[in-house]
Amino acid sequence: MSLERYKDLLSDAVDAVPSPSKKYPDIADPYVARSALQKALRRGDVDRVEQAASSLLNDPLRLWKGFAVSVFEDFGFSTIDLRGQVVAACASKKVRSDLGGDLVVAQALIHQLCEVPRDRRLDETYMFAGVLEKDPPSPKERRRWSPELSGLIDCARDLIRRCERPVPRRSFKTVLARECDAFLVEMREAERIDEEELAICIQGRKTTQCLLPVLSPLTKPVSPHQGSFTLTLTCPAGMSRDTCRDTYDVPLCALDGYTRAGKQALELLFWATPRLQTLLKPLKSRSTKMKALAALLFVVEGGICTEEVSDPLYDELKCVSRGRWSGLPAEVVPEALDVMCTALPHLNQLRQEIWGS
Numbered sequence: 016m017s018l019e020r021y022k023d024l025l026s027d028a029v030d031a032v033p034s035p036s037k038k039y040p041d042i043a044d045p046y047v048a049r050s051a052l053q054k055a056l057r058r059g060d061v062d063r064v065e066q067a068a069s070s071l072l073n074d075p076l077r078l079w080k081g082f083a084v085s086v087f088e089d090f091g092f093s094t095i096d097l098r099g100q101v102v103a104a105c106a107s108k109k110v111r112s113d114l115g116g117d118l119v120v121a122q123a124l125i126h127q128l129c130e131v132p133r134d135r136r137l138d139e140t141y142m143f144a145g146v147l148e149k150d151p152p153s154p155k156e157r158r159r160w161s162p163e164l165s166g167l168i169d170c171a172r173d174l175i176r177r178c179e180r181p182v183p184r185r186s187f188k189t190v191l192a193r194e195c196d197a198f199l200v201e202m203r204e205a206e207r208i209d210e211e212e213l214a215i216c217i218q219g220r221k222t223t224q225c226l227l228p229v230l231s232p233l234t235k236p237v238s239p240h241q242g243s244f245t246l247t248l249t250c251p252a253g254m255s256r257d258t259c260r261d262t263y264d265v266p267l268c269a270l271d272g273y274t275r276a277g278k279q280a281l282e283l284l285f286w287a288t289p290r291l292q293t294l295l296k297p298l299k300s301r302s303t304k305m306k307a308l309a310a311l312l313f314v315v316e317g318g319i320c321t322e323e324v325s326d327p328l329y330d331e332l333k334c335v336s337r338g339r340w341s342g343l344p345a346e347v348v349p350e351a352l353d354v355m356c357t358a359l360p361h362l363n364q365l366r367q368e369i370w371g372s
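Start counting the sequence shown at 16; every next residue gets the next number (my numbering).
In structure tokens, the structure reads:
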């Protein structure tokens, strides 16, 4: 197994990099810069991705882990050549140095990533399968799923149980490297992936320290009953220019529910929006309410891609999983998402005030 071919492709891409078209100031908060990197990649915004990448150069490990996670989370089935280039660059400081350094290599990847449709099926599958570990679907709900979706979710849940363990006294899980790699080898032996994909997935697991690269072989096949991939433009109701505003120094969508400024803005929005208070009443603690708000914001803004690859299975997955990781009852989620979408202009005003201060 080798990533050498992708290093050569990356070298060619470096030679073709154009000069930056616009210069933005650095983003001082590394958590906001990391968030901006992902949001801008989803929107294909080259200038903002370059701003976030250059802002993260003080901590290259954070930058390259961000790229590695994004290529699986947001570009799950982009071309194998592009995934291989990202993984090869993220895996080796020497490769990046030989090709001109972190910024040059990052720019070469940014321009390629912003030119291809996004594909978030890996992350959607992982998040939904994780939710169902805590809140299993009712028999009535499962009967509405297609056989393809039921099979995918069951396999994803089995993989999570096999390859992840909670970290004591922390809010995240760790992956079991030996189990992950053994599963990927099993997928190779079953001819679900080839040698190149095996190398990419194993190195991706090492770099990201998450389960998405390992989950990749399960989400890859498209059933003959599903038809072919198509492109869809994603622009939900309410996502107008008024709800997508930027400041000069940071895109407001980067101030999400996982950054300090974003959390402050969401809390102010909660207390200013009686309907949100009512909808979130079933959640007893303040922290679960804030996590729910962050999840709702992700669905209506943070996870939005300007162009996605789509097929019937992915469309079904998005439909049944939409907002479920908020922790809200399933029957409440649609209205909660509508309220959050309507509240985006007010939230942007709050975020701008907090960030400016």
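Think of the CB as a built atom: it goes at the ideal place given N, C-alpha and C, for glycine as much as any other residue.
According to DSSP, residues forming a beta bridge with residue i
| i | result |
| --- | --- |
| Val190 | Glu179 |
Residue i in three-state terms, based on DSSP
| i | result |
| --- | --- |
| Val265 | coil |
| Phe92 | coil |
| Arg133 | strand |
| Gln367 | helix |
| Thr288 | coil |
| Glu156 | helix |
| Asp138 | helix |
| Arg337 | coil |
| Arg184 | coil |
| Lys235 | coil |
| Met254 | Because Met254 carries a pLDDT of 45, less than 50, the predicted location of this residue cannot be relied on, and no value is offered for it. |
| Ile125 | helix |
| Asp150 | coil |
| Ala104 | helix |
| Tyr329 | helix |
| Tyr273 | coil |
| Ala345 | coil |
| Lys37 | coil |
| Pro75 | helix |
| Lys278 | helix |
| Pro297 | coil |
Residue span of the alpha helix (DSSP H) that contains residue i, given as start and end
| i | result |
| --- | --- |
| Ser26 | Glu19 to Asp30 |
| Arg301 | Arg301 to Leu312 |
| Arg207 | From DSSP, Arg207 is part of no alpha helix (DSSP H); its letter is neither H nor E. |
| Val47 | Pro45 to Arg58 |
| Glu350 | Val348 to Thr357 |
| Ser69 | Val61 to Ser70 |
| Ser112 | Lys108 to Asp113 |
Span of the beta strand (DSSP E) around residue i
| i | result |
| --- | --- |
| Val324 | Glu322 to Ser325 |
Residues near residue i by beta carbon distance below 8 Å, same chain, minus five either side
| i | result |
| --- | --- |
| Pro297 | Leu343, Pro344 and Val347 |
| Ala43 | Ser70 |
| Ser336 | Glu139, Met142, Phe143 and Val146 |
Neighbourhood of residue i by C-beta distance below 6 Å, restricted to the same chain and skipping five residues each side
| i | result |
| --- | --- |
| Thr234 | Arg136, Leu137 and Thr140 |
| Leu24 | Asp96 and Gln100 |
| Pro40 | Asp264 |
Other residues of its chain near residue i: CB distance less than 7 Å, five sequence neighbours each side excluded
| i | result |
| --- | --- |
| Pro152 | none |
| Leu365 | Ala280, Leu283 and Leu284 |
| Arg111 | Ala104, Asp117 and Val120 |
| Pro45 | Leu71, Asp74 and Arg77 |
| Val61 | Ile125, His126 and Cys129 |
| Ala269 | Val47, Ser50, Ala51 and Lys54 |
| Leu267 | Arg260, Asp261, Asn363, Arg366 and Gln367 |
| Leu308 | Gly272, Leu281 and Phe285 |
Residue i at chain C interface by Cβ criterion, 8 Å
| i | result |
| --- | --- |
| Glu201 | In summary, chain C is missing from the structure at hand, where a single protein chain is found. |
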